[in-house]
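Visitor: Its first residue numbered 0, the first sequence is counted upward by one per residue in numbering that gives the first Met the number 0.
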Amino acid sequence: MPELPEVETLRRQLAPELVNRRVLDAWGYLPPKFDQAPAAVGARFGAVQRLGKYLVAELSGGRELVLHLGMTGKLSVPTTSQWAPGPYTRAWWQLDDGRTLVFDDTRRFGRLAVVDAGDYTGLPTLAALGPDPFDPDLDGEVLWRALRRSSARVKTQLLSQRPIAGVGNIYADEALWRCGVHPASRSVTRAQASALLDALRAVLAAGISHGGTTLRDYRTLEGTSGENQDHLDCYGRAGHACARCASLLRSRVYDGRTSTFCPTCQRQRPAR
DNA sequence: GTTGCGTCCTGGACGC
DNA sequence: TGCGTCCAGGACGCAA
């Protein structure tokens with residue numbers, strides 16, 4: 000399940016492979032999620048950016064190729080002559096250097112779009128995306144104000160991508176555990192918001208430095224696994240001892256998403 | 001406008 | 001061994 004660290008790892012590997020390459024041909028799976036791939040034919044790739052969990056590749060002509068990997072999306076750039084589409088290939092772009100950018104996605108939760116640069120009206124989550132966690136203008140006060148606008152559970156807000164971009168279930172659980180905030184809390188103090196931001200930055204930076212978290216599907220551009228799964232303190236560890244207080248971590252579903260937390264370290268704050 | 005639930009989708013785990 | 005059921009979760013649509 001690619002989150003910010005996994006997408007950033009891919010972006011760093013993908014950017015030098017794509018910049019200045021022209022798209023000779025392309026194919027996309029059935030509509031509506033993948034069929035815009037051929038709209039990039041004839042364009043030349045520019046810079047590759049990351050917006051939250053989205054990869055945004057500049058295209059000549061003032062357009063962009065937007066990719067979201069969903070849960071099981073994978074990118075690779077094999078040599079065209081040595082590659083053939085697999086059963087889960089959802090899109091490909093043949094490049095002018097004899098290679099092909101390939102988007103495989105088993106569960107089809109990913110998506111792609113070719114849009115006018117900056118026009119994300121067809122991608123509502125991207126259009127309403129919050130600030131990047133590493134944005135220097137983002138501080139605890141800004142995050143606190145953003146979280147304060149809603150009475151939804153703090154973890155649900157994080158997953159919505161609106162208060163802050165790029166956080167998914169793994170890093171949300173890790174950060175909330177690290178700063179001692181209960182995932183079902185419907186309000187946080189200024190101090191908690193500040194601690195949450197510090198925790199998010201720490202777990203996301205660790206994720207990037209470990210090449211991402213591979214629980215099952217995620218692979219780097221070269222097909223290798225990340226190593227951050229060996230450094231998780233909370234996510235997926237229900238029934239194990241909390242590394243801080245030795246209480247047993249618990250798992251519970253809030254708003255349809257499984258959360259793992261420590262019932263001792265992460266006390267739920269009453270709704271305001 | 002906000003909140004929360006259902007849906008999409010398929011491989012893997014698990015129970016019988 | 002084989003079958004059926006459940007679970008995982010990001011984005012989005014929709015009802016309340």
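Cβ atoms here follow ideal geometry from the backbone N, Cα and C, with glycine treated the same way.
Note down the Cα distance separating Y253 from T155, rounded to an integer number of angstroms.
Guide: Counting from 1 along the first sequence, the entry for residue 253 is found at position 254. Counting from 1 along the first sequence, the entry for residue 155 is found at position 156. Cα-Cα distance, rounded: 8 angstroms.
Visitor: Would you check if there are 3 or more beta carbon pairs closer than 8 angstroms linking the region 5-12 to the region 25-41?
Guide: Flag = no, the region 5-12 and the region 25-41 do not touch.
Visitor: Round the Cβ separation of R110 and G69 to the nearest angstrom and send it over; I've been treating them as touching at under 8 angstroms.
Guide: In the first sequence, residue 110 corresponds to position 111, counting from 1. In the first sequence, residue 69 corresponds to position 70, counting from 1. Indeed, because the Cβ distance is near 7 angstroms, the residues count as touching under 8 angstroms.
Visitor: How is the beta strand (DSSP E) around Q48 delimited, first residue to last?
Guide: Taking the first sequence and counting its residues from 1, the one referred to as residue 48 is at position 49. Here the beta strand (DSSP E) through Q48 covers F44 to L50.
Visitor: Please report the Cβ distance between V101 and T88, rounded to the nearest whole angstrom; I am assuming they are in contact, meaning their Cβ atoms lie under 8 angstroms.
Guide: Translated into the one-based positions of the first sequence, residue 101 becomes position 102. Translated into the one-based positions of the first sequence, residue 88 becomes position 89. V101 to T88, Cβ: 6 angstroms. Contact.
Visitor: Apply the 10 Å Cβ neighbour rule to N19 and answer buried if 16 or more other Cβ atoms are within range, or exposed otherwise.
Guide: Taking the first sequence and counting its residues from 1, the one referred to as residue 19 is at position 20. The residue in question, N19, is exposed, as its Cβ has fewer than 16 Cβ neighbours within 10 Å.
Visitor: With 16 as the cutoff for other CB atoms within 10 Å, does G210 come out buried or exposed?
Guide: One-based indexing of the first sequence puts residue 210 at position 211. Counting Cβ neighbours within 10 Å, G210 comes out buried, since at least 16 surround it.
Visitor: Check whether the Cβ atoms of A192 and G129 lie closer than 8 angstroms to each other.
Guide: Here residue 192 is taken as the residue at index 193 of the first sequence, counted from 1. Here residue 129 is taken as the residue at index 130 of the first sequence, counted from 1. No, they are not a contact pair.
Visitor: Is the Cβ-Cβ distance between V141 and V65 less than 8 angstroms?
Guide: Taking the first sequence and counting its residues from 1, the one referred to as residue 141 is at position 142. Taking the first sequence and counting its residues from 1, the one referred to as residue 65 is at position 66. No. Outside cutoff.
Visitor: Would the beta-carbon of T257 fall within 8 angstroms of that of L248?
Guide: If you number the first sequence from 1, residue 257 lands on position 258. If you number the first sequence from 1, residue 248 lands on position 249. Not in contact: T257 and L248 (Cβ atoms no closer than 8 angstroms).
Visitor: Quick check: what's the CA-CA separation for L122 versus C264?
Guide: The count along the first sequence starts at 1 and reaches residue 122 at position 123. The count along the first sequence starts at 1 and reaches residue 264 at position 265. If I take the Cα positions, the gap works out to 37 angstroms.
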